[in-house]
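Undergrad:
Residue numbers (the working numbering), protein chains in the order written: chain R, 1 to 510; chain B, 1 to 510.
Shown next, in the form of structure tokens:
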């Protein structure tokens, strides 16, 4: 008996409709095998790029319907979801451009050289080839941009890898809609629809990462779930790369000068960033170091006002709501912790935003307050008030890895290459994959230079899941030695029939 | 009581002298902490490059002594070790050049753009920073090129990472000598000697991969040892990248045309490649598919002659000798297996080379002959005689991942873009990281386009341990968002004070 998969309205907690069934082990196997069999159809870069662009066009075309489906299952609201869809289709088109350009193939050619090095060197030509079927684990908090048509899927398809997506239980209907759009786009270009597979169910997700024909996995979600899948990937008879984005506290340090110059703006900006998407962003600022004293007080006062004015929001599901409520309760109960604005529950999964304060010294005084250094999903942040730079350093020294770390500094500090700002930035740098000055970490731009990853548990690898270099995760290099021209792939031929950027005998051509 | 570490003469099996003691858990901890404390000294690229060049110069200067030390412990002979030293110092200098050039920093700059993408884009600048302390597990079969001063060490230092090497028990004295040379080179440039640490002992090796301040590991060795360390790296509270090169069968396919045109040369070339270094190369051709019939017979006859003429060699240690002898015995006992030249033992660890033959059909007929598809370390190879292309395909379909795969083809096949050669190359491509045509896999050139890695168990990651891109293993990207110029690292400043190759707003500079 196949277990039904229900679409649930988070606003009411009620089942809307059955949209799918959980995949059995046999169905997971069939889906992976079908994707594997389809992989060669993705070999042509021109077709791949066109497929990604058509997928973007069709998603845009179905926008109203997609947004309605996603809102019904996530309560994220049409405004946010319209933006997320635009981001998603932009991302698909960006990867199409990357496929067209071909720099990701990383072509290196060294001609034979009898005088090179300690021994004669044979002709060597290297480029990158797709790894194979990629398992994508969709995120609950981004039903589009980090789910079926999201960055992992887009970058894997761009690399030439078929994908099998494990749908997130919070938006199975949206997942079905998006998968059907992607498959339609594939069909338009003569590609087998099986280049995009979709499975539902917890066991299906575990089965996927263990499947012998799955060559790599991308994941966005919780530390617990991500770590379990990471461990399963590493324990396989043939281990596979597991690129997981797990959890992040995203520390923010506000200097005295920043608080003096822009205290109100910082408090307001923080409120906006921590409550965006009902605080359900992986880059939500979860720990903010603010100086004691009147300038820091202004930050807190402004934060209090802005958070109090923030409308209630509906969390994605009851499990997240329960974890949020319990997380606040446990944190608020710690010695020295105060709740200037206590987050609250109302209605089914609706919650109001809030924040906690604590003397920074508590955070580095034994493990009693270690919970405050863990991510709490939802619209809450912890403001730690510090007496001096030493206290800041002591807190930073206790932090695990993060996706982002943010520094708010004053105007003079911005102009000085040495001093407290430079020292703080140097302390934040080892903690995160993206460092921000005078900004907020939410709103991860899709750009070539973006890096969305960081030391564990932010990510389980050194790679990024956003930005152009995300494609690197799904490729492996292959070198051809002394291979006759007729047998070389066109990417590696001397006459460069595909016009690829490359490096030949150490010299870059492009 | 510290356990003594003895230098052993493999030619006699006798202990030569005590050269060190095994590191206790405390000593491992101290060594890693000292390396960690020294990491910032490696931040200056100019100093790093100079250090690597001086290390090469000092190793060359101490060449006679180093080679004598290595020969006494490995019996690899002065000829081979002279070549290995040249390769090692060339590699150090190559990485110095790579450090100077700076392309490995992978600098990407996207200026702020209010009109880019679906939302205004902030200023984003990305480059790569060193991961931290790298644990290097030295290989038994390369006392220099894949040990203390070898590729993992050279690439990690080039990346700006201090290393702690776990010495191989087959050459502890050579390891001490080389470590002291590297430290002397460091001191010459004002670097703390602790940028190169060295520990001995099995437990020290396990402790190293588990140490919280070790950020990544490089390994060259057996599947069993490498897998255990890989699993330990993945099971840490904070998992770390583990780049292990574990084992490889290195299949070779000889077409009928190749056998007809060059049967004798192929047999002789194979004998040379499989007996090089007493067959103790990770890229030794371990399975050779040769057609049945008179042309293939000529290959086997020529191989028989050349192998019979090959001088005995001394294996690295008694454990390898025992595994070799048992490995031959178990393989030769399988139904249908013949031994035209039976490898033999004589003296302590001295063995003679040999090879086995088997009908190719046996290899794909159930699991009874699976042992023949596993690496057997030492001077032996398996020649599988095939009837037709179908039998070749059936064998290739059963192979695990490899470092290399080789194709020997005829002149007409070399010129044809389609046909059996192209089909075979396409079947070999998924099996290996390096594909060779009409060559032999031994002798891994140090070159930018080299790739020494392959699907598991060849390597545990998609990276290479030889060639310019090996440096990528020890780096992680960091992005700076909206960071004032004064606070940016010089690598990311608009005026490019370090003259780095980079990509700015999508356009490549230099």
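C-beta atoms are modelled at their ideal positions from N, C-alpha and C, and glycine is treated no differently.
#1: At least one CB of chain R closer than 7 Å to the CB of residue 60/B: is that the case?
#2: Who are the near neighbours of residue 36/R in its chain, counting only those whose CB is closer than 8 Å to its CB and skipping five residues on each side?
#3: May I have the straight-line CA-CA distance separating residue 88/B from residue 229/B, to the nearest angstrom?
#4: Anything in chain R within Cβ reach of residue 438/B, meaning under 7 Å, just list it in chain order.
#5: Taking C-beta pairs closer than 8 Å, name the residues in chain B that residue 460/R reaches, listed in chain order.
#6: Just the Cα atoms here: how many angstroms apart are residue 4/R and residue 42/R?
#7: So, does the CB of residue 125/R fall closer than 7 Å to a CB anywhere in chain B?
#8: For the stretch 264 to 289 of chain B, enumerate the residues whose C-beta is nearer than 9 Å to any C-beta of chain R, in chain order.
#9: Thinking C-alpha only, which one of 480/R, 448/R, 57/R is nearest residue 466/R?
#10: Which of the residues in the stretch 134 to 160 of chain B, read from start to end, lie with their CB under 7 Å from any CB of chain R?
#11: Just confirm the distance between the C-beta atoms of residue 340/B and residue 324/B, as a whole number of angstroms; I'd bet it's less than 8 Å.
#12: Classify residue 262/R as buried or exposed, calling it buried when 16 or more other Cβ atoms lie within 10 Å of its own Cβ.
#13: DSSP three-state call for residue 284/B: helix, strand or coil?
#14: Does residue 510/R come out as helix, strand or coil in the three-state DSSP assignment?
#15: Which two residues bound the contiguous alpha helix (DSSP H) that contains residue 202/B?
#16: Tell me the rounded alpha-carbon separation between residue 247/R and residue 108/B.
#17: Whose CA, out of 232/B, 227/B, 198/B, 219/B, lies closest to the CA of residue 211/B?
#18: Taking a cut of 7 Å between CB atoms, which residues from the stretch 24 to 40 of chain B lie near chain R?
#19: Residues of chain R with CB closer than 9 Å to the CB of residue 230/B, please, in chain order.
#20: Rounded to whole angstroms, what's the CA-CA distance from residue 411/R to residue 253/R? Just pull it up for me.
#21: Count Cβ pairs between the stretch 95 to 115 of chain R and the stretch 183 to 192 of chain R that sit closer than 8 Å; are there 3 or more?
#22: Which residues bound the beta strand (DSSP E) around residue 91/R?
#23: Tell me the start and end of each unbroken beta strand (DSSP E) in the stretch 221 to 290 of chain B that is at least 3 residues and wholly inside, in chain order.
#24: Using the rule of at least 16 other Cβ atoms within 10 Å of the residue's Cβ for burial, across every protein chain shown, is residue 51/R buried or exposed?
#25: Would you give the residue range spanned by the alpha helix (DSSP H) that residue 321/R belongs to?
#26: Would you say residue 162/R faces chain B, with C-beta separation under 7 Å as the test?
#27: Give the interface partners of residue 446/B over in chain R, defined as CB-CB distance under 7 Å, in chain order.
#28: So, does the CB of residue 78/B fall closer than 7 Å to a CB anywhere in chain R?
#29: Just the chain B side, please: which residues come within less than 7 Å of residue 510/R by C-beta, in chain order?
#30: Compare the C-beta of residue 212/R against all C-beta atoms of chain B and say whether one is closer than 7 Å.
#31: For residue 303/B and residue 310/B, I'd like the C-alpha separation in whole angstroms.
#32: Assuming residue 274/R and residue 379/R form a contact by the criterion Cβ under 8 Å, report the distance between their Cβ atoms to the nearest whole angstrom.
#33: Starting from residue 297/R, trace the alpha helix (DSSP H) in both directions and tell me its first and last residue.
#34: Taking the straight line between their C-alpha atoms, what separation do you get for residue 314/R and residue 204/B?
#35: Which chain R residues are close to residue 109/B, counting only those with a beta carbon under 7 Å from its beta carbon?
#36: Could you give the distance in angstroms between the alpha-carbon of residue 115/R and the alpha-carbon of residue 53/B?
TA: The short version:
#1: no
#2: 132, 133, 162, 213
#3: 25 Å
#4: 482
#5: 239
#6: 33 Å
#7: yes
#8: none
#9: 448/R
#10: none
#11: Not really, about 18 Å apart at Cβ, beyond 8 Å.
#12: buried
#13: coil
#14: coil
#15: 202 to 210
#16: 26 Å
#17: 232/B
#18: none
#19: 234, 239
#20: 15 Å
#21: no
#22: Premise fails: residue 91/R lies in the alpha helix (DSSP H), 78 to 101, not in any beta strand (DSSP E).
#23: 242 to 245, 251 to 254
#24: buried
#25: 318 to 332
#26: no
#27: 117
#28: no
#29: 508
#30: no
#31: 10 Å
#32: 6 Å
#33: 294 to 308
#34: 52 Å
#35: 449
#36: 20 Å
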